[in-house]
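Enquirer: Residues 153 to 369 (this note's numbering) make up the sequence shown, in order.
Don't be surprised by glycine CBs; every beta carbon is placed ideally from N, CA and C.
Quick one: structure below, then a few questions.
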Amino acid sequence: MANVGLLFVGAVLFLNGLMLLGKVDSRAAAVFNLFVGGLQVLTPTYLIIAANQNAQQILLASGIFLFGFTYLYVGIGLLMGLDSTGVGYYSLFVAIVALGYSFVSFRQFGDQPFGVIWLYWAFLWFLFFLLLGLKLESLTTYIGWVTAIEGWVTGVIPAFLLLSGYWAAENYYEIAIALGAFGVLTFGGLWFALRHRRPVPPAQEYGTPGHPAGSHG
């Protein structure tokens, strides 16, 4: 069930990335954020109830709430025209907590690929903090691309492999190394490629001046 939710997390990140790049209207994207946010709140609630007090299963399910609340917060904020500061500082909270989930994935569950994926999410949500909380709008294009790419790399592709049975434990180390190398090379290269480009004005980026919409994840 969680893997189905992960598939749509990839979709909403891709959509939000396109929104930050000025390709999707922010209010239109807000509706899909609400859909996925609702799914990512209902799913862990069900999983925790069904876990029958199994501490490890509850721990695994609990992290999903971080993202479910993000998407609901973003969707409501976009539709109501709220300032993005609250979402931005909540994103900082998510980024910090994601580091803990990464550590647990590596050390407690021996799941190296998702240990790396949690680092991807920590990085992305920290970028959301810079954009939405600190209003560093010069980073908008970079963050839009990172968000859209992470939608596929941390959501759609892993979810499809998990659902189809191709996410094999014996390949965990190779997958983790590939994910880590891809992230460093892609996001580092993207930063150097975009750093001299003039940022698009906020009204063109978001559709609603001063209310960035790409927080989530």
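Please tell me whether L271 and G227 are closer than 7 Å, where the distance is taken between their beta carbons.
Expert: Not closer than 7 Å, so no.
Enquirer: Just to confirm my understanding: we take I201, look at its own chain, exclude 5 residues before and 5 after, and list those with CB closer than 8 Å. What are they?
Expert: Result list for I201: empty, nothing under 8 Å.
Enquirer: Using only the alpha-carbon positions, how far apart do E322 and S236 sit?
Expert: If you take the alpha carbons of E322 and S236, they lie about 43 Å apart.
Enquirer: Compare the beta carbon distance of I216 and P196 with 7 Å and say whether it is the shorter of the two.
Expert: In this structure, P196 lies closer than 7 Å to I216 by Cβ.
Enquirer: Given that a residue counts as buried once 16 or more other Cβ atoms are within 10 Å of its Cβ, and exposed if not, what is F255?
Expert: Answer is exposed; the Cβ neighbour count stays below 16.
Enquirer: Comparing C-alpha positions only, which one of D263, W297, G267 and F266 sits nearest to L279?
Expert: Measuring from the Cα of L279, the nearest candidate turns out to be W297.
Enquirer: Whole angstroms is fine: what's the gap from P265's alpha carbon to A182's?
Expert: Roughly 30 Å separates the two Cα atoms.
Enquirer: If we count Cβ pairs, one from each stretch, closer than 8 Å, do we get three or more for the region 276-294 versus the region 313-328?
Expert: Touching, no, given that fewer than three Cβ pairs across the two stretches are closer than 8 Å.
Enquirer: Looking at A181 and the ligand NAP, is the gap between the Cβ and the nearest heavy atom below 6 Å?
Expert: By its list of ligands, the structure shown contains no ligand whatsoever, and the ligand NAP lies outside what it can speak to.
Enquirer: For I206, which of helix, strand or coil comes out of DSSP?
Expert: Note that residue 206 corresponds to Asn in the displayed sequence, not to Ile. Of the three classes helix, strand and coil, the one that applies to N206 here is coil, per DSSP.
Enquirer: Could you tell me the distance, in whole angstroms, from the CA atom of F334 to the CA atom of Y294?
Expert: Spanning the two alpha carbons is a distance of roughly 16 Å.
Enquirer: State buried or exposed for Q260, treating a residue as buried only when at least 16 other CB atoms are found within 10 Å of its CB.
Expert: Result: exposed.
Enquirer: Using CA atoms only, rank isn't needed, just tell me which of G340, N204, T299 and Y325 is closest to V161.
Expert: Among G340, N204, T299 and Y325, the Cα nearest to that of V161 belongs to T299.
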